[in-house]
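In the numbering used here, the protein residues as written are 632 to 769.
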């Protein structure tokens, strides 16, 4: 019973619920999955914050976590995306039933870079892996 007042305070103030990243402004999004497999969405913001949302198959309910990354993590990820563009010729994919989609999005001042694949795509998977390695200090 000791924890109920703290939980009530969190609900009343909504201070314990991680804030949603801003829809506008500079950000990076890495997402994968779909209705059949569930999905994961990672949003990075210039304040070096990572918000991860994971939903299960056939559900819009999921979990969301917020992590403070090391200083400069967002800038490193942004600079890597800008320095390693994926040629359009490597983004051509067909439609893979039940696959969902993989995407990488960078939105910045006057600029948007969006890579989307509805089938497994080695170029998107490689860039996604490189960005995640940068975020983990690799």
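For every residue, glycine included, the Cβ atom is placed at its ideal position computed from N, Cα and C.
Next on the checklist: Since residue 684 and residue 675 should fall inside the 8 Å C-beta cutoff, what is the C-beta to C-beta distance between them, to a whole number of angstroms?
Outcome noted: 13 Å between Cβ atoms; not a contact.
Checklist entry - Are residue 668 and residue 686 closer than 8 Å when you measure CB to CB? => result Residue 686 sits away from residue 668, with the two beta carbons spaced by 8 Å or more.
Next on the checklist: Relative to the C-alpha of residue 768, which candidate in 689, 706, 694, 695 has its C-alpha closest?
Outcome noted: Of the listed residues, the one whose Cα sits closest to residue 768 is 706.
Checklist entry - Taking the continuous beta strand (DSSP E) assigned at residue 664, which residues delimit it? => result DSSP places residue 664 inside the beta strand (DSSP E), whose first and last residues are 658 to 665.
Next on the checklist: I need the boundaries of the alpha helix (DSSP H) containing residue 729, first residue and last residue.
Outcome noted: No alpha helix (DSSP H) holds residue 729; DSSP gives it neither H nor E.
Checklist entry - Any idea if residue 709 is buried or exposed, counting beta-carbon neighbours within 10 angstroms, 16 or more meaning buried? => result Taking every protein chain shown into account, the CB of residue 709 has 16 or more other CB atoms within 10 angstroms, so this residue is buried.
Next on the checklist: Spatial neighbours of residue 726 within its chain, please: C-beta separation below 8 Å, excluding the five flanking residues on both sides.
Outcome noted: Excluding positions up to five away in sequence, the list reads 749, 750.
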